[in-house]
Every structure is written in C-alpha cells, then in structure tokens.
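Asker: Chains as they are written, first to last, in this note's numbering: chain A, 1 to 514; chain B, 515 to 647; chain C, 648 to 963.
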Ligand SMILES: Nc1nc2c(ncn2[C@@H]2O[C@H](COP(=O)(O)OP(=O)(O)OP(=O)(O)O)[C@@H](O)[C@H]2O)c(=O)[nH]1
Ligand SMILES: [Mg+2]
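#1: What does residue 746 of chain C reach in chain A if we use C-beta pairs closer than 8 Å?
#2: Based on DSSP bridge pairs, tell me the residues matched to residue 553 of chain B.
#3: Within the continuous alpha helix (DSSP H) that includes residue 383 of chain A, where are the two ends?
#4: Is the Cβ-Cβ distance between residue 851 of chain C and residue 873 of chain C less than 8 Å?
#5: Let me confirm a value: residue 552 of chain B is counted as buried when at least 16 other C-beta atoms fall within 10 Å, else exposed. Which label applies?
#6: Taking residue 145 of chain A as the query, report the chain C residues whose CB atoms sit under 9 Å from its CB, ordered along the chain.
#7: Nearer than 7 Å: is that true of the beta carbon of residue 713 of chain C relative to any heavy atom of ligand 2?
#8: What are the start and end residues of the beta strand (DSSP E) that includes residue 284 of chain A?
#9: I need the boundaries of the alpha helix (DSSP H) containing residue 129 of chain A, first residue and last residue.
#10: Using a Cβ-Cβ cut-off of 7 Å (strictly less than) and excluding sequence neighbours within five positions of residue 479 of chain A, which residues of its own chain qualify?
#11: Can you name the start and end residues of the beta strand (DSSP E) that residue 760 of chain C belongs to?
#12: Closest to residue 385 of chain A by C-alpha separation, out of A/93, A/130, A/215, would be which residue?
#13: With distances taken from CA atoms, which of C/658, C/932, C/898 is nearest residue 777 of chain C?
#14: For residue 522 of chain B, count neighbouring Cβ atoms within 10 angstroms of its own Cβ and tell me buried if that reaches 16, exposed if not.
#15: Determine the contact status of residue 745 of chain C and residue 767 of chain C, defining contact as a CB-CB distance below 8 Å.
#16: Under 8 Å Cβ-Cβ, which residues of chain A neighbour residue 843 of chain C?
#17: In this structure, does DSSP put residue 730 of chain C in helix, strand or coil?
#18: Does the beta carbon of residue 708 of chain C come closer than 8 Å to any beta carbon on chain B?
#19: Do you know offhand how far residue 159 of chain A's Cα is from residue 931 of chain C's?
#20: At a cut of 8 Å, does the segment 332 to 349 of chain A reach the segment 296 to 315 of chain A through at least three beta carbon pairs?
#21: Using Cβ-Cβ distances below 8 Å, what residues of the segment 463 to 483 of chain A are close to chain B?
#22: Can you give the Cα-Cα distance for residue 636 of chain B and residue 528 of chain B, rounded to whole angstroms?
#23: Check each candidate in A/471, A/262, A/73 and name the one with the smallest Cα separation from residue 373 of chain A.
#24: Straight-line CA distance for residue 383 of chain A to residue 401 of chain A?
#25: Pairs of beta-carbons, one from the segment 56 to 69 of chain A and one from the segment 464 to 478 of chain A, closer than 8 Å: are there three or more?
#26: Quick check: the Cα distance between residue 791 of chain C and residue 714 of chain C, rounded to an integer number of angstroms?
#27: Are the CB atoms of residue 318 of chain A and residue 395 of chain A within a distance shorter than 8 Å?
#28: From residue 148 of chain A to residue 238 of chain A, what does the alpha carbon distance come to, in whole angstroms?
#29: Using a threshold of 8 Å, state whether the C-beta atoms of residue 324 of chain A and residue 26 of chain A are closer than that.
#30: For residue 768 of chain C, return the contacting residues in chain B, with the cut-off set at a CB-CB distance below 9 Å.
#31: Nearest CA to the CA of residue 460 of chain A: which residue from A/493, A/196, A/199?
#32: Around the C-beta of residue 617 of chain B, are 16 or more other C-beta atoms found within 10 angstroms, so that it is buried, or is it exposed?
#33: So is residue 184 of chain A buried or exposed if we call it buried at 16+ other beta carbons inside 10 Å?
#34: Cβ of residue 771 of chain C within 8 Å of Cβ of residue 812 of chain C?
#35: For residue 531 of chain B, return the contacting residues in chain A, with the cut-off set at a CB-CB distance below 8 Å.
#36: In whole angstroms, what is the alpha-carbon distance linking residue 7 of chain A and residue 398 of chain A?
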C-alpha cells in the first residue's frame, strides 16, 4: 500500500506540470485523447510488392492513413532477393524490396502526399528513405510534404536487435546522415525512432529499456551536434518507440518517467530553446515476448492490458500484436482482433475521457519517480564509460540484458513468476488449430525473376558510374543521402549499394555475451 | 590416466532473423550444466553450420530459427550432415516452428523440436539423456 | 588400435573429420591419445606457429580473422586453436572466439577449433599444444593460437609458438599493468589494435617508451605497430613483421628456441609421468590417505614426504 509518505517531496508543478507543459509527465498535449486519439498503426507487409500494395490499398479504403511497412530479412540486411543468403527468406516476414522497381510497385496508385508511412528499417534506412524520396519525385510531390518515419536506430541493433550490417561508427554516421538530410530537406519526416522495444524484447527490464533508449537518444543528439546542426533544427523530429510489457503499473510509470526525463535532458544537457525539442513523441507496441505458444488465445488478454497501459501512459501511437505470433506469421483474423482491441479501448472503455487519469496516485507517482531515478543512475554509468559506443564495445548492454533475460527465464522455471498456461493453469491438449498464414514458395521465384529481369534491362553503364561515385563519396565521408538517391534512380539495387558501403565500412560481427 | 569427456554442443542460428534470446538462454543453461558450448553467431548458411559442427567435433547440434525459413534450410542442413558422415551427432531444433511442420522435421532426422517457453531444465535433460556416453 | 591408425592416416592426408576426431581424443585424454601424438610428432615442425595473446576484448579474434584472410589470399593454409575459459564453478564453457572467424569456416584451407581451458592455468588448455601438432602434421602452413585472454599471466603461449603477438587496445585501461604483469617478456611483436580510437597513439607511444628501456632479447628487438582489425588496416605490416621474425628464427634462433621448448616439455613430461605413477602407487598400496592424514595432523609435511619418496625411487 502507498500513502503520501511515499511521495513526500512531491511538487505538482515541478514533478508533474499540467498536460502539455514541462516536464510533460502528464502528456505532451493539453487535451490529450479528448482532442485527438492516438494513431492506430498496424505493421504489415509480406510476400511481393504487389501483395503488400493490395493490402495497403485495402487499408486505405478502410480509412487508415498511416501505413507501416515490414520488410523481409534480406531487405533488412541489405541483400538482394537473389543473394544466396536470401534463400528461403524472400517475402517471409515482410515485403521484399531490392530496388526502386519494387518500391514503385509497392506504392503504385498511392499518392505520397496523402499518406504517412512508417518504415521499420535500420541498416539500409538511407536506401529505403531514398527510394521513398525518388517515388515522391516521380509523383511530383514536393519533398517537404513527405510524411513518415524511418526507424533508423542503428545503435540499438548492436546490443538488442542485432540486425547490424556495418560496424558501430559508420552505422552511427548513416543514422546521422538521415537526421541531417531530413533537417535540411524533409521537414515533415521523422528521421529516427529511437527504440527501446527491441531492448525489451531481448530480455531487459523496464528500467533498462528506459535508460538504454534515452542513452541512445543522447548519443544521436551528440552525433548530430558534431555534424554542425543546431539542436533545435533536428530535436523536434526525434521520435521514440517503446514496448508495453505485462507489469501494468510499472509500464505506465515507465512511459511517464520517459517523457519527464527526456524533457529534462533536452533542457538541461542540451539547452534547447524550441519547446517542441523537449517533447518525447512515442510509439508503443505490445510486447511480443510475453506471448505464449501455449493456449495462444490468452495472448489476446495480454495485449488488452498492455495496450491499456500504453494509453494510460499517454502514447501518441500504438501497434497491437496478433495473438498467434508465437506460432507463425499473423493470420488475417488475428490481425483484426488486435486492431479491435485498440478500438474497444478507444471507443468503449471510457479511459480517453480523462487526461492522465492516474496522475496523483501515490503508487503511480512513486513508481514514476523510482523509474526516473534508476534510469538516471544507468545513464550516469554509461556516461562514465565514455558513452554508448564504448559501452557497446565493452559488452555492457549485452551483459546487462542477457542477465535480465536469464533471470526472467529462471523465475518462470522456478515458478517464482507465474506464466498462465506455461508453468501453471496448463491444459492437457492446448493446441488450438488455427489457420496459419504461410508465404507461398512461389513468391521467392517470382520476385527473383522480376529482379533479374530488371537488372538486364537497366542501363548498366550508368549503374557502374553511380556506384563508383558512391564509393568515392563514402571514402570522402560525405553525407550519402543525395548520392544514394541518384544511384537508386539509376536502378542500382539495394544489394549493390550496400555492398559498396560494406567494402568501405567493413562488416560487423556481433559481440556475443551470454 | 582418467579420461575427461565433456559434452560439446554447437548452438547454430540459420536464417537471417536475429532473435537470439532463446538461443542464448539455451546456451547458458547448457553451459551451466557443465557442457562446452560453441555458438556460431547469427545468420549462418547450412554449409557453415555443418562445417563448424564437423571441425568442432560436437556431440550435439541445436538449431534455432524464427524467420520461417526452416522448411527450406533444415532439410539442407540435414542433407549436408548425412553427406559429411556426421549423422551420429544429436540434432534438435527450437524457435517458431508451426506444429504441423514438426512431423516432417523429425522424419529428416531432427530428434526433437522445442517450442517457445520450453523450460531449460527439459532441454538440459534431453541433451544429457540423448548423447553418447 | 585400428581406429588410431586410421585417424593418423587421415590427419596426415589433411582429412578434416580425422583432424577433428583426433583433437577430441587428445582433449579428452582417451587411452589412444598418447600413441597417436607420438606418431604424429614425427611429422611436425613444418608449420609456423603464431601465438596471439592480450587482454579480453582487445580484438585478438578479429585480428586473427583478418590474418587468415590475408594468408589465404597469399595461398597459405591456416589452422587455428582458440582457447576460452572454463567456469570453475560449473565446468562448462562458452567458446566465443570462433564467431569472428565464421566466414572462413567453409574454406578447405582453414581449420578452426575452439577449446575450453578446462581450468588449466597460463592461458591455454592442456591439449592445446598437441592440437597444434595435429594441425601442423595435417599440413597447415601456419597455425595460430589464441589464448584465453582473461588477464591471467599467459606465459604458456611461449611454449607452443614461434612468434608471440601481444594485442592491446586503447581505453582498456589495464594495458600497462598487463604488460608489467609479465606479458612484456613474452612478446615478439606488440600490436595496438583499435587504431580507429582516439587515444591509440597515446598507447602506442607508451609502449614504445617502455620498449626503449628494455634491451633486446637474443638479437630480436620487439617492436610495436598499430592495427584496426575491424577494417584490416595494418595487417600487411603485421604479416611483414611476422615474416621478419621468422627469418630471424631461421638464422639459428629457431634451433635455440626449439631446444628450449623441447627442454621445458621434457621436464614437464617427466614431472607429470613420475608424479602420476607415484601417486597411483601410493593409492594402490593404501598409503595415500594415511599420508594425507599425517600431513593434516602436522606429523610431517608434503616436502619431507616427497623427499622420502624420491630417495626410495633412487634406491630402486
Ligand atoms: N573500434 C574497433 N573495435 C574493434 C577492433 N577490433 C576489434 N574490435 C571490437 O572489439 C570487440 C572485441 O573483439 P574480439 O576480437 O572478440 O576481442 P578478443 O580479444 O578476441 O576478445 P576475447 O576473446 O573475449 O578475449 C568486438 O566488439 C570487436 O568488434 C578495431 O580495430 N576497432
Ligand atoms: Mg577472442
């Protein structure tokens, strides 16, 4: 039980402020969901560009305006669909995009000035953003009208998601290239989505997720400042991405603490002037790693609580997972239930009528303080190590996360922690027959065939020329965005461009800490 | 002089996905049970995995995959294992593998398929009981 | 013994399965192991053995990967033995060096073997030296050994290698201490890796200063150079230094150092064999426990017992 004793030095104005006011504990906007609901953004993409294009058009006709693209693993790792490493993976967990050709098909008939597009892409983020810009150019949409987000958070890849292509230094350079390019040319684009989600999914605790994400944020700000940008030129467009896990109040406290801590960091450490630079705009996704393969329908209930926590925590945007994800790619029915969960919270539960309804709760405020305190301790330690890059090299994050993941697993096995359907309340026959979505092997054949045809038909002399130029610019440590856009317009492929960068930057092998 | 045998285990990650949380927990549990673990790192081709198993002369190969490419990659791996004559090694798999695929995987020589949430104790016991002594 | 002969034949033909199996036999101390090693011993001495040591995380494995790459480009075959620590509590081990070298796993001209030190001290496992011999006998031109790198004094590496490289990195903080702790004497070549880091030059000049104060060892003056293992920068120069050291060894020093190596190995083999047989003898006669009790009761001490045993042995 918690009493006023637990928040003894609590000061309403200093610690909470009104919604829309510093330090934004109660939310970024004065009216919050009374003014505007969060964006319901469901991540999708599978198979070929045609298939995903159809799906996008369907979503748009249903009234969605936010598209969110999942790419397949070869694309994420910068391999063309016909690369040997891509065997069996093309179109499996997302859409295959190997060249501007694929992107043209993906956005065929979709005017870029009418949609906002989120792309979950990191290592090759520059290439995918460049393709988007190229499509916009072709459609005659002014660049300042392009609206969307590239995840582009390469730092967390090194210790959480591990989809890294290049070593840390050039990876940070590429992330910064995008931040810089957007600050100068794409004012409505969110160049980066600084992500705690993958840190959490890799097994961290809530505090670690919070601390490590903000530490990454600091590193990006510093890197952009080193480029010569002024903080208020790019800070308002930085965005964040968190997980919502099982522990209901802890998650709510985490979101609130994150907003407050970021505002303080931006104000005190970076001395921002523009009030929007203090805003931590966040996207939240329910936590896939809490899902059980046993009694999978139970995951629906987990998603409901996790989403509610995100909403009570004041998120700007939410993705709800489909309950069958621990088994396979989500099927259509499961995707619908996931979206309905958000809609039930938004339109039936009544929680959106009140702004920050938990503000002032002894427990929630106590927990919010605790979260901030412990995250600050971590950030101080990371600073003392010389920042995120050196902490990565020492394996600091990797070790912290691996230990937490192992501890969590042991708690489940020793039943210190109950996981319904797994270590308690199990059933004899728990297999629920469901129709699983499978990507037909034909998808790979078709994609490879189209890709190779395109390569034959393009002007290969021109391609060589642009790739040589790219090599040159990379050597000279220039911002690569303009050259990559040119290269893609000449139909140089994603794989070819990545290969040029690989030869200059080197390739990364992860530091393994168990 | 007494012999000093240890169970050597290769934990391998075929496929392009990067979800190594499970693979690492398994590696750690087996290590804590006194085994020697060789980990391939992410994104290994079937050829790399099988060659590594051969050079390291492991007793056990654990394959972890979550990308959905197991239907293509596992048969390739099992084929190479036969070809190289190391089919006396115990092979198990884990990750996101649909129930109805398990039967086929067992037919090609994968001894057991462990779904998400398998307690590490079960795995340790499985390896201990199924390795040549 | 048929199996042993087959294995030996296989190793000599460079058969990878045989090489792997033979190393396992040695590592597990199987009864056939000593015989196989002694047969293979005749066929060794052709490979140049490079030892790579240095603090944890300084980039040894990454550097070895780049060495393999360059050596392969030059048409040389390479064997690697990479040692990692065994947990003293569980007896298990996580062997992680190989991850950095996986690109070469399918190359016929490369053989990589990970090895747990099984609680041996000095940075290597008991079986490392014989594993190197197996790779040597299998026809590898170069054999590279990576030590545990856990900061313990890693002097064993001298006993297995011709050329010892000590890899340091800026910012690890303990560089100078590590050198003082005894790595200094064993290095033929110093490498300051991670030259892409800001303070690499500082580390470089610190080591240079230290080297200047030291006199050369038997006609070879250890030197220091910078590398960036991540990108491969400095690798050709490192190989040139290794080559120089090899030339130096050829001019007589190799004989001398081989003699040294043989000497220490002989001494150790005798120690081990005699000690083992004595202990077994005592156990068989049922005296072992009694002796231990006496020592515990302070009626005698280990040294007096050893002296007495030695006298008895001499008399026979
Ligand atoms: N910046 C930079 N990092 C490097 C360089 N070489 C290696 N690293 C990184 O340093 C870390 C450790 O590299 P390893 O090669 O595993 O080091 P090691 O000495 O073999 O480590 P142990 O075997 O654990 O003792 C990895 O994250 C490498 O990517 C380099 O030249 N520059
Ligand atoms: Mg190493």
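Where is the CB? At the ideal position from N, CA and C, for every residue including glycine.
Answerer: This is what the structure gives:
#1: 509, 510, 512
#2: B/525
#3: 362 to 384
#4: yes
#5: So residue 552 of chain B ends up on the buried side.
#6: Residues of chain C passing the Cβ test: none, with the nearest at roughly 40 Å.
#7: no
#8: 281 to 286
#9: 125 to 139
#10: 177, 180, 181
#11: 757 to 763
#12: Between residue 385 of chain A and the set A/93, A/130, A/215, the nearest pair of CA atoms involves A/215.
#13: C/658
#14: buried
#15: no
#16: Annotation: Cβ neighbours of residue 843 of chain C in chain A (cutoff 8 Å, chain order): 169.
#17: strand
#18: At a cut-off of 8 Å between C-beta atoms, residue 708 of chain C does not count as an interface residue with respect to chain B.
#19: 56 Å
#20: yes
#21: none
#22: 23 Å
#23: A/262
#24: 18 Å
#25: no
#26: Straight-line Cα distance between these residues: approximately 9 Å.
#27: no
#28: 12 Å
#29: Not in contact: residue 324 of chain A and residue 26 of chain A (Cβ atoms no closer than 8 Å).
#30: Within chain B, no residue comes near residue 768 of chain C; the closest Cβ sits about 16 Å away, beyond 9 Å.
#31: A/493
#32: exposed
#33: Burial is judged here by how many other beta carbons sit within 10 angstroms of a residue's own beta carbon; residue 184 of chain A has fewer than 16 and is exposed.
#34: no
#35: By Cβ distance, chain A contributes 73, 93.
#36: 34 Å
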